[in-house]
Structures are given as structure tokens and as C-alpha cells.
Amino acid sequence: MGSAISDSAMDAVQRRLMFEDECILVDENDRVVGHDTKYNCHLMEKIEKENLLHRAFSIFLFSSNYELLLQQRSATKVTFPLVWTNTCCSHPLYRDSELIEENHLGVKNAARRKLEDELGIHAADVPADDFVPLGRILYKAPSDGKWGEYELDYLLFVVRDVKLQPNPDEVAAVRYVNREQLKELVRKADAGEEGLKLSPWFRLVVDNFLMEWWDHVEKGTLDKVANMEVIHRLNPTP
128 MGSAISDSAM
138 DAVQRRLMFE
148 DECILVDEND
158 RVVGHDTKYN
168 CHLMEKIEKE
178 NLLHRAFSIF
188 LFSSNYELLL
198 QQRSATKVTF
208 PLVWTNTCCS
218 HPLYRDSELI
228 EENHLGVKNA
238 ARRKLEDELG
248 IHAADVPADD
258 FVPLGRILYK
268 APSDGKWGEY
278 ELDYLLFVVR
288 DVKLQPNPDE
298 VAAVRYVNRE
308 QLKELVRKAD
318 AGEEGLKLSP
328 WFRLVVDNFL
338 MEWWDHVEKG
348 TLDKVANMEV
358 IHRLNPTP
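Here you go:
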């Protein structure tokens with residue numbers, strides 16, 4: 128995914144987030160075991176030596192005509208810059224409001240915070256109760272020689288028409304896609320066309336769940352496929 132970003136070359140905003148944000152460390156059964164900086168949680172050396180698995184979330188926001196909102200990560204992102212991915216991907220932080228386990232409220236609170244940070248979607252426009260947690264995946268994916276991800280990722284679906292004001296520090300571009308348009312993006316990524324790349328976590332969801340779940344988005348029956356008891360252990364395609 129290109130050469131590794133050095134500490135000195137890191138964008139000022141990303142540097143601040145890397146050292147100020149404290150991610151939630153969990154074991155493979157999603158039990159909280161501690162916390163560490165976003166910086167340490169994304170260093171592959173730390174991930175491999177200390178098994179730093181952290182909690183994360185991935186939001187899939189659909190419009191009322193059931194198109195999925197995608198974002199292209201900004202060029203200044205430390206991990207996976209300029210790749211296309213689902214609506215918003217980030218981490219709940221080690222703070223009281225984002226550690227609430229009941230009804231996965233901590234993760235939902237974090238999701239609302241990051242939708243506003245990244246896409247300018249006001250938290251009031253996406254109530255916590257609108258998010259449907261469908262499942263959890265555990266995966267590991269290097270970004271380059273230095274950085275990577277090792278996450279236990281909550282998959283949150285929501286259907287909502289929203290106003291967007293993307294933050295250029297976080298997001299390079301946005302677009303809504305229908306199923307056929309998404310399939311074409313996947314084809315281009317597989318073929319290496321236009322330099323298009325998809326994030327590994329998004330690709331795992333596309334390959335394993337998304338098309339079936341999209342049916343239930345359209346039918347209003349997401350509750351029928353929600354399963355928060357199982358943690359799916361998945362490996363990205365190299």
C-alpha cells in the first residue's frame with residue numbers, strides 16, 4: 128500500500144489523533160482488557176509482539192432509496208490512505224460514554240461522534256436507536272511495512288437520508304452506490320484499474336455478508352440477520 132509514513136511526515140491532525148486517542152483493547156472474545164494509544168494499536172510491530180487487538184466499528188449508511196454511502200479515505204490517513212471503504216470506520220475510545228456494553232451503546236455513541244467528525248453528519252440526525260448492529264468480525268491486515276490493523280469490528284447498519292459536509296482531513300471523496308455500481312468497483316479493484324483500492328475490512332464484509340444483508344435493508348428486516356453472539360474470524364485476501 129505504498130511506503131510507510133514516518134512519524135516526522137505524519138499530518139498534524141493525524142499525529143494528534145494518533146497520540147491523544149486511547150483505543151479499547153479487547154481479547155478475542157471482545158472482553159475489555161485495557162487501553163492504548165491509537166499510535167501503538169496500529170504499529171504492526173506492537174500488534175505482532177503484544178497482540179494489541181482493539182475494538183472498532185464500521186458503519187454502512189444507506190439512503191432511503193437503498194444506495195450505500197462510500198468514502199475514500201484521505202491521503203493523510205496513516206493506514207490505508209486513499210482507499211475506498213464503507214461509510215465510516217473508526218474506533219470507540221476508552222471513555223465512559225463509549226465503553227457502555229448495554230445494547231452496544233458505547234459503540235453507537237462512537238459511531239455518531241465519528242460520522243460528525245468525518246462527514247459532517249450531525250449526531251442529532253442519526254439517533255443511536257437507528258443503528259442496527261448486525262455482527263462482529265475479527266481480522267488483521269497490514270497497511271504497509273510499519274502500520275496496520277488488528278480489529279474486532281462491529282458492523283453497524285443504518286438507513287437515513289443525511290446532509291454531508293466531508294472533513295478533508297479525513298475524507299478525500301464520497302459517493303453513493305447501488306449494488307451493480309459496487310460490483311463494478313470490486314471488479315476494478317481486482318483488476319487494478321484506475322488505481323482503485325478497497326479497504327480490507329470493507330472487502331471482507333462485501334465478500335461474506337453485504338449482498339444478503341442488502342436484501343434485508345430493502346425489506347426492512349435487518350433484525351432477521353443480526354447476530355451479535357458470533358465473532359466471525361476472517362482473513363483478508365492478500
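According to the working numbering, the sequence shown is numbered sequentially starting from 128. Ideal placement from N, C-alpha and C gives every residue a C-beta, glycine not left out.
Rounded straight-line distance, which links the Cα of residue j to that of residue i
| i | j | result |
| --- | --- | --- |
| residue 269 | residue 242 | 25 Å |
| residue 218 | residue 320 | 30 Å |
| residue 317 | residue 323 | 9 Å |
| residue 166 | residue 206 | 11 Å |
| residue 184 | residue 264 | 10 Å |
| residue 159 | residue 287 | 31 Å |
| residue 169 | residue 280 | 14 Å |
| residue 98 | residue 215 | No statement about residue 98 is possible, as the shown extent of the chain runs from 128 to 365 and does not include it. |
| residue 351 | residue 290 | 29 Å |
| residue 148 | residue 162 | 10 Å |
Buried or exposed by the 16-neighbour rule on C-beta atoms within 10 Å, applied to residue i
| i | result |
| --- | --- |
| residue 228 | exposed |
| residue 130 | Residue placement at residue 130 is flagged as unreliable, the pLDDT there being 42, under the threshold of 50; the coordinate-derived value follows with that caveat. Exposed. |
| residue 340 | buried |
| residue 133 | With a pLDDT of 48 at residue 133, under the threshold of 50, the modelled position of that residue is not reliable, and no figure is offered here. |
| residue 224 | exposed |
| residue 254 | exposed |
| residue 262 | buried |
| residue 357 | exposed |
| residue 366 | Nothing can be reported for residue 366, as the shown portion of the chain is limited to 128 through 365. |
| residue 249 | exposed |
The ligand FMN heavy atom lying under 7 Å from the CB of residue i
| i | result |
| --- | --- |
| residue 159 | The ligand FMN is not among the ligands present in this structure, which contains no ligands whatsoever. |
Reference residue i; option with closest CA among the options
| i | options | result |
| --- | --- | --- |
| residue 213 | 344, 309, 347 and 343 | 309 |
| residue 193 | 349, 358 and 360 | 349 |
| residue 189 | 162, 304, 267 and 147 | 304 |
| residue 180 | 152, 196 and 164 | 152 |
Pair every Cβ in the stretch 292–305 with every Cβ in the stretch 194–212, then say whether three or more of these pairs are closer than 8 Å. At 8 Å Cβ cutoff, the stretches touch.
Counting pairs of Cβ atoms below 8 Å between the stretch 261–281 and the stretch 174–183, do you hit three or more? The stretch 261–281 makes contact with the stretch 174–183; the number of CB pairs closer than 8 Å reaches 3 or more.
Any beta strand (DSSP E) of 3 or more consecutive residues that is wholly inside the stretch 166–237: 181–189, 195–200 and 215–217
Below 8 Å, how does it come out for the stretch 320–332 and the stretch 232–247: are there three or more Cβ pairs, yes or no? no
Give the list of continuous beta strand (DSSP E) stretches no shorter than 3 residues that lie fully inside the stretch 245–323. The stretch 245–323 contains these whole beta strand (DSSP E) runs: 259–269, 275–286 and 298–304.
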